[in-house]
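Residue numbers (UniProt numbering): 1 to 941.
Set out below in C-alpha cells:
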C-alpha cells in the first residue's frame, strides 16, 4: 500500500492500525516541518533525501529517541529518578513503536584494547575453546605436554600381567641446610622404614651409622611394594593412595619400578623438556588480563619505541649524504664522523643509498662496532640526559608506536602460543582473515572427546564468523583494532552482532550501512537486511545507495532540499513510482533527468610518485604510479588493499620524508621514487571528528568564530561594559555559563546504560551568561547566531567579508544546512570530512603557490547524488589551485569523473592486494571480469 505519493496527500492517521504501522504524527524535531508518516511494520524501509533534509532527524532524533524514552519509562522508579528530565521528541504522537535498536556510523570506541574479536564476542568463545580442548606443545621437542594423574598411573600398572611385582618410589630431595642423616631420621619419624639406593633396598635404621657411604648415591624413598591384582578393589585403592603419597614426598615426582623389568618416572607437574608450562585457562588467552597479557606491551601490541622511518626518513640517501636524520646537526654529527672516517676499514659503503645496503649493513648502523657507536647507543645516550629539555625534545622527535618486540603485536604472553588445536594456536588464528578462519573451523580435525566438549562453542564461533562474511567483512582479522575501522565497517560489525542475537519484533534503525562497500558487496548486505526483516523485525535504513533502494519494500523521501528548505515528506512508495513521480532530487537522479556529468576531457599529467615493492598486509605490488596535479581515484572491492596502500604506505612515508612527521608506523615497502619533492605538504582528510571534544564545532574549525566574536566585541554596549572577544567564547571563563562550562548540556553518567545528555537548567542550553546575551548584532545575540545554519548565516553576515569568506566554503561543499555552533559529536563521518575540506578551500589564497597533496577517504559518505555533484566541484577547485587529489572511493559517480584510476583486487583479503588496472575510465570499461569495470560500464554508457 502506498500511503503518501506526495507531501500534499492527506491520510487519516487516526484510522491506521498501530499493529500494522509505526505512526509518526506532526514531527517537528530540528528542521522537520510537522511531518507525518506511517511506516509499515516488518518491512525493509529506506529513508532517503538530500544531506541535511531531515532523514536522521526523522529516523534517529524522533523515532529512536521515542523508543529509548519509552524503554526508560519501563524501568524501576529508582532508575527513572536519574532520567526524569529526558525530553520527549517534539511530535504530536508516535504509536506502534517497537523496542528500538540504533546502529549508527560512528566508531564509538577509541579503546586501544578493543578488537574485532572482542567486539563481536568471537574471541571470548575462542578463549573458552582453547582453555577447554587446547593441547600444550613443547617448543623444544614438539611433543604434547601433559601432567600425570593418579588414575593414569594406576591404569599403566594394571596393564601389566597379573602378579607382576612393582615398587612405588619417590626421589629423596634434600632440603637446604639439612644433612642426609637428618633427612633419613625425619623419614623414620614419618613412618617410612626403607629406601632404595642403587638396586638395593635398605632399612633406614640399619644404615644410619654408615650414612656417609651413600652421599653420592641416588636415593629413593620406598613408599610401597605390591603386585598387580586386577580384580582386587582394595589393592587398587591402596596403590592409588601410595602414588598420591609418592607425589607428595617427591615434590610432584613418582617412580614405578617393575622389578626386573622397567622403571617409569611420572610427574604431576605440567612439565616437558625441563620447562614447566602454564595450564590452559581462559585468563591465559586474555590480553585484557594481567595474567595473559604480554609483559612488555601490557596487552596493547605496540610500545613507544624509536621509529626507524623517522630516524632514516629518506632511504634513497647515503650515510655520507645525511640519511640518518638525528646525526645531521652541528653537535650530533660527531656521532657519524667515526663511521665516515673508519668505514673503509670494515668495508662499509658510506656512499651507497641506505635502501641498497644489505640487511646486515643496515643492522650495523644500529648496533655499531669497535670503530663507531651505533644508533642504539646514541638513543641510550639521549635517554640518560632526559633532564635536559633539548634531549627530551630530540628523543620525542624520533619516537613512535612500534610493534612490540616480544609478542610481535599479538598482545598475548609468549606461552599462550604453545597451546594448539589442530596444529594452530590462538595467536595464528586471530591473524587470519575471517574468510580463511571460517574455513579452518569448518575443516577442523578433533578427537571424539574434543568434539563432545567443544560442539556448542564451535557452533557459536562459526555462526558469528558467517554473519561477518555476510556483511562483507571477510577480509578483516579478529586482531584488527576497533578504533582503526571506518564508520561503515564498525556499523556492519554491530549489524553482524545483532544477527547473532536473533531478536524478533524489534525496530532496527541503520545509518547508511553500505558505506565503504563496493557495489559488488552491497548485494550481500541487502540479503542481511532482508534476513533481519524476515525474522520479524522492522528495518529502517537511512540510505542513498541505489542498490538498497531497489530491494526496499518502501521508500520514504524527505526534502525537497536541505536545512530550512527540507523537513517535509515528498514521497512514500515503491522505487518505480518514485522514478515516475519525478518530483524530488532522488527521482531526478534515478530516472536520469539530472546526473554527475562525465568530463569532456581528462587532465593530462607529467609528474608522478612511484611506490615500489608495497607488501604491507595483503599488498603484493611490484610498483604503482600515483599521478600529480590530477584527480586520482583508488578503487577496488572491500578489503582489496586500497586503504593499506594509501593510508598505511604512501601517507606516512611521504609525511616523514617532507618533514611533516607522522606517529603512524609506515607500512612495508621498498622505496619511493619520482617527483615527491615537489609536494610541500600532505593533508589526509578522513572521517574522524573535527575536534577531540564536544566543544569543537564548524564555526571554530573554519576559523570564522574569531571574526564573529570581534564583531560582537565592537558593538557599543559591549565596549561600554568592557567586553573583549573572549567574553563571547564558550571555551574560556568570562562570558560562558559556569554551570555547564559553556557546553549547553550536562552529562549524567549512567552505570547501567549509556550516558544521558540533558539541557543545562541555568542557561537553557544557550551556553552564555544572561548579561552577555544583552549584546546583539542586527537583533540577534551570540547564542542565536550560533544557532543559525550556514545558509542563513551567509545572508545574515552579507556585509561582513571576513566572516563570509570563511563560511562560504562550508556552503560550497553541501553543508549549508548544518548549524554554526553544532557540536562535532553530532556530525557524521562524511560531514566532518567535508568541514575539513571547507577549511582547506577557505585557505585558498594562502595555499595558491604551494603544491599540496590531498587524500580523501570515501568523501561521498552520507552524500546524496545531488550533493556528490557539488562535492566534486569543490574537489576540482583544489586541483585548479595547483594541488593533487587522491580519493579512495567505491562510488561510481566519483570514479567516472577521475583523470586516472588505480584499481586493486581482484578480490578482498589474501586474494587481493594486486594492481588490476591503471589508466583512464574509458580504458577500464573494456576489461572483462573486473568488478569495478562491470559497474562502471553503466555509468559511461
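C-beta atoms are modelled at their ideal positions from N, C-alpha and C, and glycine is treated no differently.
Check: Does the Cβ-Cβ distance between residue 909 and residue 463 come in under 9 Å?; Outcome: no
Check: From what residue to what residue does the beta strand (DSSP E) around residue 399 run?; Outcome: 399 to 403
Check: Go through the segment 146 to 230 residue by residue and report every complete run of the alpha helix (DSSP H) that reaches 4 residues or more, in order.; Outcome: 150 to 158, 180 to 190 and 204 to 207
Check: Can you give the Cα-Cα distance for residue 934 and residue 631, rounded to whole angstroms?; Outcome: 21 Å
Check: According to DSSP, residue 115 sits in a beta bridge with which residue or residues?; Outcome: 481
Check: Have a look at 591, 46 and 271 and flag the residue whose alpha-carbon is nearest the alpha-carbon of residue 572.; Outcome: 46
Check: Within the same chain, show all residues whose beta-carbon is closer than 8 Å to that of residue 480, passing over the 5 residues directly before and after it, in chain order.; Outcome: 115 and 116
Check: Going by the DSSP bridge assignment, what does residue 366 pair with across the sheet?; Outcome: Beta-bridge pairing links residue 366 to no other residue.
Check: Where residue 223 and residue 202 are concerned, what is the direct C-alpha to C-alpha distance, given to the nearest angstrom?; Outcome: 13 Å
Check: Can you tell me which of 441, 407, 412 and 409 puts its alpha carbon nearest to the alpha carbon of residue 423?; Outcome: 441
Check: Would you identify the three-state DSSP class for residue 9, choosing helix, strand or coil?; Outcome: Because residue 9 carries a pLDDT of 47, less than 50, the predicted location of this residue cannot be relied on, and the following value inherits that uncertainty. Coil at residue 9, not helix or strand.
Check: Starting from the Cα of residue 921, find the closest Cα among 355, 612, 603 and 671 and give me that residue.; Outcome: 603
Check: The alpha helix (DSSP H) spanning residue 709 covers which residue range?; Outcome: 705 to 713
Check: Give me whichever residues DSSP pairs with residue 919 in a beta bridge.; Outcome: 901
Check: Where do the N-terminal and C-terminal ends of the alpha helix (DSSP H) with residue 383 fall, by residue?; Outcome: 375 to 384
Check: Can you tell me where the alpha helix (DSSP H) holding residue 234 begins and where it ends?; Outcome: 233 to 249
Check: So the beta strand (DSSP E) residue 22 belongs to, where does it begin and stop?; Outcome: 21 to 27
Check: Pick out whichever of 87, 270 and 316 has its Cα sitting closest to the Cα of residue 353.; Outcome: 316
Check: Let's test the definition: count the other Cβ atoms within 10 Å of the Cβ of residue 12 and tell me whether it reaches 16, buried, or not, exposed.; Outcome: exposed
Check: Quick check for students: name the residue ranges of the alpha helix (DSSP H) that lie wholly in the segment 411 to 477, counting only runs of 4 or more.; Outcome: 426 to 430, 434 to 442 and 448 to 470
Check: Residue 88 by DSSP, collapsed to three states: which one?; Outcome: coil
Check: Under a three-way DSSP split, which group does residue 857 fall into?; Outcome: strand
Check: Shortest alpha-carbon distance to residue 671 belongs to which of 645, 610 and 642?; Outcome: 610
Check: Starting from residue 537, follow the alpha helix (DSSP H) in both directions and report where the run begins and ends.; Outcome: Segment: none, residue 537 is in no alpha helix (DSSP H) and carries neither H nor E.
Check: Contact check, residue 995 vs residue 91 under 8 Å by CB: the rounded distance?; Outcome: Because the chain spans 1 through 941 in this model, residue 995 falls outside it and cannot be assessed.
Check: Closest by CA to residue 132, which one among 264, 241, 330 and 457?; Outcome: 457
Check: DSSP has residue 272 in a bridge; who is on the other side?; Outcome: 275
Check: Can you give me the C-alpha to C-alpha distance between residue 38 and residue 48, rounded to a whole angstrom?; Outcome: 15 Å
Check: If contacts are defined as beta-carbon pairs under 8 Å, then residue 685 and residue 669 qualify, I think. What distance do you get, rounded to the angstrom?; Outcome: Not confirmed; about 22 Å, so no contact.
Check: Measure the C-alpha to C-alpha separation of residue 33 and residue 288 and round it to an integer number of angstroms.; Outcome: 49 Å
Check: Rounded to whole angstroms, what's the CA-CA distance from residue 494 to residue 501? Just pull it up for me.; Outcome: 11 Å
Check: Excluding the 5 residues flanking residue 382 on each side, which residues of the same chain have their C-beta closer than 8 Å to its C-beta?; Outcome: 391, 394 and 395
Check: Should residue 789 and residue 818 be called a contact, given that it needs their Cβ atoms to be closer than 9 Å?; Outcome: yes
Check: Report the residue from 421, 434 and 461 whose alpha carbon sits nearest the alpha carbon of residue 446.; Outcome: 421
Check: Once DSSP output is grouped into helix, strand and coil, what is the label at residue 510?; Outcome: strand
Check: Write down every uninterrupted run of the beta strand (DSSP E) in the segment 795 to 877 whose length is 3 residues or greater and which is fully enclosed by it, in chain order.; Outcome: 852 to 857
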